[in-house]
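**Q** This is the structure I have questions about; it appears just below.
There are 2 protein chains.
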Amino acid sequence: MTAVGLRERKKAATRQALHEAALRLALEHGPDRITVDAIADEAGVSRRTFSNYFANKEEALFHGDLRRMRALADLVRARPASESPWAALTAAAEEHYAGLGDLDPEWVARGRLVRRHPSLAAAQVQTFATMESELAAEVAARLQGQDPLGVRAKLVAATFMAVLRVSLNVWLEHPAEISYWELARESLAETGRGFT
Amino acid sequence: MTAVGLRERKKAATRQALHEAALRLALEHGPDRITVDAIADEAGVSRRTFSNYFANKEEALFHGDLRRMRALADLVRARPASESPWAALTAAAEEHYAGLGDLDPEWVARGRLVRRHPSLAAAQVQTFATMESELAAEVAARLQGQDPLGVRAKLVAATFMAVLRVSLNVWLEHPAEISYWELARESLAETGRGFT
DNA sequence: AGCAAAGTTGCGCAACAGGCAAGTTTGGGA
DNA sequence: TCCCAAACTTGCCTGTTGCGCAACTTTGCT
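Chains A and B supply the protein sequences, listed in that same order. UniProt numbering numbers the first residue of the first sequence as 1 and each following residue consecutively. UniProt numbering numbers the first residue of the second sequence as 1 and each following residue consecutively.
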């Protein structure tokens, strides 16, 4: 009768625990000075189990971002089908970020971590790329028939994610001068002119 | 007196040899069934030396793409300073791809490899990301003073590379129906409307 | 000719991904 | 309520990797 079984919940909890352990250790010792062993320990699980959940530390570290972005994707899905893809994406982003965006402390912490440790940039890019293809599928659904090769869907998704990524990185360099969402909204508006 | 010393040339040759060895073996056995050892052997060099040139197989595999893209960046640099960044980028791409783009057999081979082995997608994304930041620097030079936070430069570079990447991937799925550059040009035109 | 800088190599080690099989937990019938 | 199959965890193990270090070789400059 539970909406989702115990099994599922336990899995999610373990994944989350691993993620949080990774983040905690990375913040404390620096992301390049931690081992998978240490993360598993910190999460109270065997090293082998870590491998069942994540392919490597970076994936564990950015799991939170992926979750956040999946939440954004859900908002996109919830937008009225009548909206154009780009409109739906920006509207969903507005909902997602405008209110409490900058306030998630974990999100900010991860951001700062990336800023201070350029070696993490690769993993960040990877995370955005993952979401890009998930979003492309959603966009494609809105373009049934109008996009024979599927270029447009992928183009829109890629551009959207690229703008969010660039905005994030710029904001991390100038966090005091502007809010993330202000920056992102403006960038989206400018870049999106091709899709309206 | 030589324009470039023997030292430099030898290094370039070794790097190229490693790259070609990696590509050859990947094509023959599949990219996930080859070891760094094997690549170094094939290139007639020690495993340790491989590490002096590339951080991992993927980097070796995509070295050719990076070279290609750097050539494109050179074309960008050569465009008149009076052109807007986006105009310079697209014009350079036109020069680069329009003529012989699809004809470089290595380039096509790598493309097919990525298409058949999704595990390589990560490395491909990484390669484009690398070029993105190199290009951003070039674009920034054209926006002296007009781009206080540096957003615009990064935005333009990111969008440009995203379009090329998406176009490539779409083209790889439909190579018969259209030429790469036709597809990319159209995508650039559409997406670039925000930057004109 | 000769020396300093750059490049190569072998050795060694900590770390890691992931196959396999034995144990443990969960959930859906009967 | 009980039971079993499927799902999950864990330990063990192997092949691979990235990189520091120190010895050796090659290159370039004078």
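Beta carbons are placed, not taken as given, at the ideal position from N, Cα and C, and that holds for glycine.
1. Could you have a look at residue 178/A and say whether DSSP puts it in helix, strand or coil?
2. With distances taken between CB atoms, is the gap from residue 151/A to residue 166/B smaller than 8 Å?
3. Compute the beta-carbon to beta-carbon distance between residue 195/A and residue 170/A, rounded to the nearest angstrom, for a pair I have assumed lies under 8 Å.
4. Would DSSP call residue 80/B helix, strand or coil?
5. If we call anything under 8 Å between Cβ atoms a contact, is residue 39/B one with residue 50/B?
6. Establish whether the CB of residue 154/B and some CB of chain A are separated by less than 8 Å.
7. To the nearest angstrom, how far is it from the Cα of residue 86/A to the Cα of residue 7/B?
8. Got a sec, what are the start and stop residues for the alpha helix (DSSP H) residue 133/A sits in?
9. Relative to the alpha-carbon of residue 43/A, which residue among 16/A, 59/A, 31/A and 95/A has its alpha-carbon at the smallest distance?
10. Beta-carbon within less than 7 Å of residue 92/B's beta-carbon, same chain only, minus the 5 sequence neighbours each way: which residues are those?
11. Going by Cα to Cα distance, which pick from 183/A, 139/A, 175/A and 159/A is closest to residue 191/A?
12. Could you give the C-beta distance for residue 22/B and residue 60/B, rounded to a whole number, given that I count them as a contact under 8 Å?
13. Counting only Cβ-Cβ distances shorter than 7 Å, please list the residues of the region 102-136 of chain A near chain B, keeping chain order.
14. Three or more C-beta pairs under 8 Å: does that hold for the region 137-144 of chain A against the region 141-148 of chain B?
15. Under 8 Å between beta-carbons, which chain B residues line up against residue 158/A? List them in chain order, please.
16. Keeping to the same chain, check which residues put their C-beta closer than 6 Å to that of residue 123/A; ignore five residues upstream and five downstream.
17. Ends of the alpha helix (DSSP H) at residue 30/A?
18. What residues of chain A sit near residue 192/B, judged by a beta carbon separation below 7 Å?
19. So, does the CB of residue 4/B fall closer than 8 Å to a CB anywhere in chain A?
20. Could you tell me the distance, in whole angstroms, from the CA atom of residue 137/A to the CA atom of residue 153/A?
21. What span of residues does the alpha helix (DSSP H) with residue 116/A cover, start to end?
22. At which residues does the alpha helix (DSSP H) containing residue 85/A begin and terminate?
23. Beta-carbon within less than 7 Å of residue 19/A's beta-carbon, same chain only, minus the 5 sequence neighbours each way: which residues are those?
24. Residue 45/B touches chain A at which residues, Cβ-Cβ below 8 Å?
25. DSSP three-state call for residue 147/B: helix, strand or coil?
26. Excluding five sequence neighbours on each side, which residues of the same chain lie with their C-beta closer than 6 Å to the C-beta of residue 81/B?
27. Taking residue 134/B as the reference, give the member of 70/B, 189/B and 185/B with the closest Cα.
28. What do you get for residue 13/B, buried or exposed, if any count of 16 or more other CB atoms within 10 angstroms of its CB means buried?
29. Sorry if obvious, but does the Cβ on residue 105/A come closer than 7 Å to a heavy atom of the ligand PLP?
30. For residue 29/B, go through chain A and note every residue whose CB falls closer than 9 Å to its CB, in chain order.
**A** Quick answer:
1. Translated into positions along the first sequence, residue 178/A becomes position 178. Residue state, collapsed to three classes: coil.
2. To locate residue 151/A, count along the first sequence from 1; it is residue 151. To locate residue 166/B, count along the second sequence from 1; it is residue 166. The answer is yes: Cβ separation under 8 Å.
3. Counting from one through the first sequence, the residue named residue 195/A turns up at place 195. Counting from one through the first sequence, the residue named residue 170/A turns up at place 170. Not a contact, Cβ separation roughly 21 Å.
4. Numbered from its first residue, the second sequence carries residue 80/B at position 80. Note: residue 80/B maps to coil in three-state DSSP.
5. Along the second sequence, read from residue 1 onward, the residue named residue 39/B stands at position 39. Along the second sequence, read from residue 1 onward, the residue named residue 50/B stands at position 50. Taking C-beta atoms as the reference points, residue 39/B and residue 50/B count as a pair closer than 8 Å.
6. As a position in the second sequence, residue 154/B is number 154, starting the count at 1. At a cut-off of 8 Å between C-beta atoms, residue 154/B counts as an interface residue with respect to chain A.
7. Along the first sequence, read from residue 1 onward, the residue named residue 86/A stands at position 86. Along the second sequence, read from residue 1 onward, the residue named residue 7/B stands at position 7. Taking the straight line from one Cα to the other gives about 52 Å.
8. Working through the first sequence from its first residue, we reach residue 133/A at position 133. First-last of the alpha helix (DSSP H) with residue 133/A: 121-142.
9. By 1-based counting over the first sequence, the position of residue 43/A is 43. Ranking the options by Cα distance to residue 43/A, first place goes to 16/A.
10. Along the second sequence, one-based indexing puts residue 92/B at 92. Excluding positions up to five away in sequence, the list reads 72, 75, 76 and 79.
11. In the first sequence, the residue the question calls residue 191/A occupies position 191. Checked all of 183/A, 139/A, 175/A and 159/A; the closest Cα to residue 191/A is 159/A.
12. Residue mapping note: residue 22/B aligns to position 22 of the second sequence, counting from 1. Residue mapping note: residue 60/B aligns to position 60 of the second sequence, counting from 1. Yes, they are in contact, since the Cβ atoms of residue 22/B and residue 60/B sit about 4 Å apart, within 8 Å.
13. If the cut-off is 7 Å between Cβ atoms, the region 102-136 of chain A has 122, 125, 126 and 129 near chain B.
14. Segments in contact, no.
15. Stepping through the first sequence from its first residue, residue 158/A is reached at position 158. Proximity of chain B to residue 158/A at the Cβ level (cut-off 8 Å) is accounted for by 162, 163, 165 and 166, in chain order.
16. Position 123 of the first sequence, counting from 1, holds the residue named residue 123/A. 58 and 62, listed in sequence order.
17. Against the first sequence, residue 30/A aligns to sequence position 30. Element bounds for residue 30/A: n/a, residue is neither H nor E.
18. As a working note, residue 192/B is residue 192 in the second sequence. Within chain A, the residues placing a beta-carbon under 7 Å from that of residue 192/B are 194, ordered along the chain.
19. On the second sequence, position 4 is the one that residue 4/B refers to. False, the Cβ-Cβ gap to chain A never drops below 8 Å.
20. Position 137 of the first sequence holds residue 137/A. Position 153 of the first sequence holds residue 153/A. Taking the straight line joining both Cα atoms gives about 8 Å.
21. Looking up residue 116/A in the first sequence gives position 116. Counting along the chain, the alpha helix (DSSP H) containing residue 116/A begins and ends at 105-116.
22. For this step, residue 85/A is matched to residue 85 along the first sequence. Start and end: 85-98.
23. Position 19 of the first sequence, counted from the start, is the residue given in the question as residue 19/A. Here residue 19/A has 60, 63 and 64 as same chain residues with Cβ atoms under 7 Å from its own Cβ, once five neighbours each way along the sequence are excluded.
24. Start at 1 with the first residue of the second sequence, and residue 45/B comes out as number 45. Those do not exist, as residue 45/B stays about 26 Å from chain A at its closest Cβ, beyond 8 Å.
25. As a position in the second sequence, residue 147/B is number 147, starting the count at 1. When secondary structure is reduced to three states using DSSP, residue 147/B falls in the coil class, being assigned neither helix nor strand.
26. Taking the first residue of the second sequence as 1, we reach residue 81/B at position 81. Close CB contacts of residue 81/B within its chain, under the 6 Å cut and outside five residues either way in sequence, are absent.
27. Taking the second sequence and counting its residues from 1, the one referred to as residue 134/B is at position 134. Looking from the CA of residue 134/B, the closest CA among 70/B, 189/B and 185/B belongs to 70/B.
28. In the second sequence, counting from the first residue as 1, residue 13/B sits at position 13. When all chains shown are included, residue 13/B counts as exposed.
29. This structure lacks the ligand PLP, and indeed carries no ligand of any kind.
30. As a working note, residue 29/B is residue 29 in the second sequence. In chain order: nothing, as chain A lies at least about 22 Å away.
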